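Asker:
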Amino acid sequence: MLPAEFGPLEALSFLIGFFGPISGALQLAVGSPYGRYASASFGPGLPGKLAWFVQELPCLLVPLYVVTCTPAQRLSLWPNRILLAIFITHYFQRSLIFPFLIRGGKPVPILVFLAAFIFCTVNGYLQSQYLSNYAVYSDNWIKDPRFITGCAMWLIGLVINIYSDHILRNLRKPGETGYKIPRGGLFEYVTAANFSGEIIEWFGYALASWSLEGIVFALFTTFTLSARAKQHHRWYLEKFEDYPKLRKIIIPFLY
8 MLPAEFGPLE ALSFLIGFFG PISGALQLAV GSPYGRYASA SFGPGLPGKL AWFVQELPCL
68 LVPLYVVTCT PAQRLSLWPN RILLAIFITH YFQRSLIFPF LIRGGKPVPI LVFLAAFIFC
128 TVNGYLQSQY LSNYAVYSDN WIKDPRFITG CAMWLIGLVI NIYSDHILRN LRKPGETGYK
188 IPRGGLFEYV TAANFSGEII EWFGYALASW SLEGIVFALF TTFTLSARAK QHHRWYLEKF
248 EDYPKLRKII IPFLY
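Each residue of the sequence shown is one higher than the one before, starting from 8 at the first, in my numbering.
1) Check for me: the alpha helix (DSSP H) holding N140 runs from which residue to which?
2) How about the region 177-194 and the region 213-223: do they share at least three Cβ pairs that are nearer than 8 Å?
3) Apart from the five residues on each side of it in sequence, which residues of its chain come closer than 6 Å, Cβ to Cβ, to L64?
4) Leaving out five residues before and five after P10 in sequence, what residues of the same chain have Cβ atoms less than 6 Å from its Cβ?
5) Tell me the DSSP bridge mates of G164?
6) I'd like to check one pair, Y144 with V73: are the Cβ atoms closer than 8 Å?
7) Are there 16 or more other CB atoms within 10 angstroms of the CB of Q80, so buried, or fewer, so exposed?
8) Among A45, W148, I256 and V69, which one has its Cα closest to the Cα of S135?
9) At which residues does the alpha helix (DSSP H) containing P70 begin and terminate?
10) Is L137 buried or exposed, if buried means 16 or more other CB atoms sit within 10 Å of its CB?
11) With DSSP as the reference, please indicate the residues paired to V197 in a beta bridge.
12) Applying the 10 Å Cβ sphere with the 16-neighbour rule, what's the burial state of I125?
13) Give a yes or no on whether the C-beta atoms belonging to L165 and G204 are separated by under 8 Å.
14) What three-state label does DSSP hand P106 in the structure shown?
15) Measuring CA to CA, which of P40, G27 and R190 is closest to K113?
16) Would you mind working out which of R190, I163, F210 and H239 sits nearest T228, comparing C-alpha positions?
17) Is it true that the CB of N168 sits closer than 8 Å to the CB of N147?
18) Note down the Cα distance separating M8 from S139, rounded to an integer number of angstroms.
19) Put P28 into one of helix, strand or coil per three-state DSSP.
20) Apart from the five residues just before and just after F230, which ones in its own chain have a Cβ nearer than 7 Å to its Cβ?
21) Note the first and the last residue of the continuous alpha helix (DSSP H) segment covering L261.
22) Starting from E220, follow the alpha helix (DSSP H) in both directions and report where the run begins and ends.
Next comes the structure, spelled out in structure tokens:
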């Protein structure tokens, strides 16, 4: 592989790495204007289920395009296959299952939707193109402690993420309205257990892939979700006098 061939992917990686802290800082400054914090200042709202489905879909469709319409010669390697399957599995759940389990759901402002759609398109291309056409791993990479540990982290994070979403969906009984304090699972330790799970997932993926593309994705996710988690934490403390004071924001016992 010539260095020039790899240039566009490196550029995309650095672009995502550049915008990660900016995204987090903006959310800390003005808040995350969707869900319970939805604001008309960010454009008209799209139905929540539709917005989640469409904005996450590029991370499924773009990899399928790359696999079927490019040489994808690196997918002859088992580590590449497994890593791409890990990426696709998350977004299969996120785009084709999660949106249709949402109960109610606030509208998503059009600007927020567009930002998420663009990110998923760019990142879907970056990860799938890297794994399909550029990344070269030895056959022994699947036995490497970094790969094994990373895959285990990804699976643990996925389970935490899905289970935490399940807890949030079932806080209210049929006919009930309003908000409640989440209980159970990792929520006993942090306010944003679902976000914690997703961050664990992508740091596991980054470790297993041992790549620039993987780590910038994990860092972007961390900056973005940590900012929203802090907003959630502050909101719960203001709304509920009995909110557990020892519960951290997103990292058990630390933050």
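Even for Gly, the Cβ is constructed at its ideal location relative to N, Cα and C. None of the values given here were measured: they were computed from a predicted structure.
Answerer: This is what the structure holds:
1) Note, N140: premise wrong, no alpha helix (DSSP H); not H, not E.
2) no
3) S102
4) For P10, the predicted structure reports a pLDDT of 43, less than 50, and the residue's modelled location is therefore unreliable. The matter cannot be settled from this model.
5) Beta-bridge pairing links G164 to no other residue.
6) no
7) exposed
8) V69
9) P65 to C76
10) Strictly speaking, residue 137 in this sequence is Tyr, with Leu absent from that position. Its Cβ being crowded by 16 or more others within 10 Å, Y137 is buried.
11) K255
12) exposed
13) yes
14) helix
15) P40
16) F210
17) no
18) Since pLDDT at M8 reaches only 37, below the 50 mark, its modelled position is unreliable, and no value is offered.
19) helix
20) G27, P28, S30 and G31
21) Neither: L261 is in no alpha helix (DSSP H) and is coded neither H nor E.
22) L219 to K246
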